[in-house]
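Residue numbering for the sequence shown follows our numbering, starting at 170 and increasing by one per position.
The next block holds one structure in the form of structure tokens; read it before the comments.
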Amino acid sequence: MPGSIPPSRPDRPLRIGLTGGIGAGKSTVAALWRERGLRVIDLDAHSRAVLDVPGDGVEEAIVRFGEGVRNPAGTIDRAAMARIVFADAAARADLEQIVLSRVDRAVAEEEAEAAASGERVIIHDSPLLLEKHGESGYDAVVAVLARREDRIERVVRDRGRDRGYVESVMAAQATDLERIRRADRLVLNTADRPALLARSGRALDAVLEEHDLRT
């Protein structure tokens, strides 16, 4: 794991990055922390909203990729978009720019709102935090880990995906070894929900204590 966690800055809330691979249980941990009254910003939700909600993000994507990616609801046909971007690295980079610029803006607005309301801790629920090498943007990074077979079974059961899909996503994500090496705290999701509640709570409390914060 990294060494000492840098102290939080007095001019902004403590920023914690929460990450984990597909099916590891990251979203469950995020929900548990939200239940404690903490501000959890879901970066994946902001990302989906760019293409799933009518607006300038949808229109910019259509200008770039053509009317063929517009669905009857006026938003983006994800299957049509996938056929384009998975076959063309430049197209994929353009789509990422369209999405990420708006996600960054939405996250900054939510953080500013949290700071203005006096919140001392902000958590980013960020599935690609390590893949995007974003550790330096956080005071601490917490990674959720689970057994490979448990993750596959969970996604197949709960999301209706097949094993091949889950394995392909895993192959594109950071490995557990990388998460262990690069995160400041780990949460092992290897038992039941009460155990996950206890473990995630201890990890969060440890980070807060290192920064002289309590919730």
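Each residue gets a CB set at the ideal place from its N, CA and C atoms; glycine is no exception.
Quantities reported herein were computed from a predicted structural model and do not represent experimental measurements.
Practice prompt. Please determine if the segment 177 to 196 and the segment 288 to 302 are in contact, where contact requires at least 3 C-beta pairs separated by less than 8 Å.
Written response: A contact exists between the segment 177 to 196 and the segment 288 to 302.
Worksheet item: Just to confirm, are A312 and R348 a CB contact at a threshold of 7 Å?
Response: One-based indexing of the sequence shown puts residue 312 at position 143. One-based indexing of the sequence shown puts residue 348 at position 179. Yes, they are a contact pair.
Worksheet item: Got a sec? Which residues, its chain only, sit under 6 Å from D345 by beta carbon, not counting five neighbours each side?
Response: What you label residue 345 is simply residue 176 of the sequence shown in a count that begins at 1. Result list for D345: L314, in chain order.
Item to complete: Grab me the residues of P175's own chain with a C-beta within less than 7 Å of its C-beta, minus the 5 sequence neighbours each way, in chain order.
Response: For the purposes of this step, residue 175 is taken as residue 6 along the sequence shown, with counting starting at 1. Reliability fails at P175, whose pLDDT of 42 lies under 50, so the model's placement of it is uncertain and the value that follows must be treated cautiously. So the qualifying residues of the chain are D308.
Worksheet item: How long is the line joining the alpha carbons of R233 and A242, rounded to whole angstroms?
Response: On the sequence shown, position 64 is the one that residue 233 refers to. On the sequence shown, position 73 is the one that residue 242 refers to. Taking the straight line from one Cα to the other gives about 19 Å.
Item to complete: Take the Cβ of A199 as the centre, count every other Cβ of all protein chains shown within 10 Å, and call the residue buried at 16 or more, exposed below.
Response: The residue you call residue 199 lines up with position 30 of the sequence shown. The residue is buried, with at least 16 neighbouring Cβ atoms inside 10 Å.
Fill in: The alpha helix (DSSP H) enclosing T410, as first and last residue numbers
Outside the displayed span of the chain (170 to 384) sits residue 410, for which this structure offers no information.
Fill in: Cβ neighbour criterion (16 or more within 10 Å) applied to R368
Position 199 of the sequence shown, counted from the first residue, corresponds to residue 368. R368 counts as buried, since at least 16 other C-beta atoms from the protein chains shown sit within 10 angstroms of its C-beta.
Worksheet item: Got a sec? Which residues, its chain only, sit under 6 Å from L264 by beta carbon, not counting five neighbours each side?
Response: Translated into the one-based positions of the sequence shown, residue 264 becomes position 95. The answer, listed in chain order, is V254.
Item to complete: Can you grab the Cα-Cα spacing for the pair L377 / A364, in whole Å?
Response: Position 208 of the sequence shown, counted from the start, is the residue given in the question as residue 377. Position 195 of the sequence shown, counted from the start, is the residue given in the question as residue 364. Looking at the two C-alpha atoms, the distance is approximately 20 Å.
Discussion item. Does A343 pass the burial test, meaning 16 or more other C-beta atoms within 10 Å, or should it be called exposed?
Written reply: The residue given as residue 343 occupies position 174 in the sequence shown. By the 10 Å Cβ count, A343 comes out buried.
Practice prompt. Take the Cβ of P223 as the centre, count every other Cβ of all protein chains shown within 10 Å, and call the residue buried at 16 or more, exposed below.
Written response: Indexing the sequence shown from 1 puts residue 223 at position 54. Its Cβ having fewer than 16 others within 10 Å, P223 is exposed.
Worksheet item: Quick one: does V272 have its CB under 7 Å from some CB of chain C?
Response: No chain C appears in this structure, which consists of one protein chain only.
Practice prompt. Return the first residue and the last residue of the alpha helix (DSSP H) that I231 is part of.
Written response: The residue given as residue 231 occupies position 62 in the sequence shown. 225 to 234 is the span of the alpha helix (DSSP H), which, as asked, contains I231.
Discussion item. Among the candidates H302, R239, P182, whose CA atom is the shortest distance from the CA of A159?
Written reply: The structure shown does not extend to residue 159, since the chain spans only 170 to 384, so no value can be given for it.
Practice prompt. For L297, collect the residues of the same chain with a Cβ closer than 7 Å to its Cβ; drop the 5 residues on either side in sequence, then sort them by chain order.
Written response: Residue mapping note: residue 297 aligns to position 128 of the sequence shown, counting from 1. Correct list: empty, nothing qualifies.
Worksheet item: How would you label G237, buried or exposed, when you count the other beta carbons within 10 angstroms and need 16 or more for buried?
Response: Mapped onto the sequence shown, residue 237 falls at position 68. With fewer than 16 Cβ atoms within 10 Å of its Cβ, G237 is classed as exposed.
Practice prompt. In angstroms with no decimal places, state the Cα-to-Cα distance between A260 and D361.
Written response: Within the sequence shown, residue 260 is the residue found at index 91, counting from 1. Within the sequence shown, residue 361 is the residue found at index 192, counting from 1. About 42 Å.
Discussion item. What does the alpha-carbon distance come out to for the pair E279 and I210?
Written reply: For this step, residue 279 is matched to residue 110 along the sequence shown. For this step, residue 210 is matched to residue 41 along the sequence shown. The straight-line gap from Cα to Cα measures roughly 8 Å.
Fill in: Proximal residues to E229 (C-beta, below 6 Å), its chain only, five neighbours per side dropped
As a working mapping, residue 229 is identified with position 60 in the sequence shown. Cβ within range, chain order: I267.
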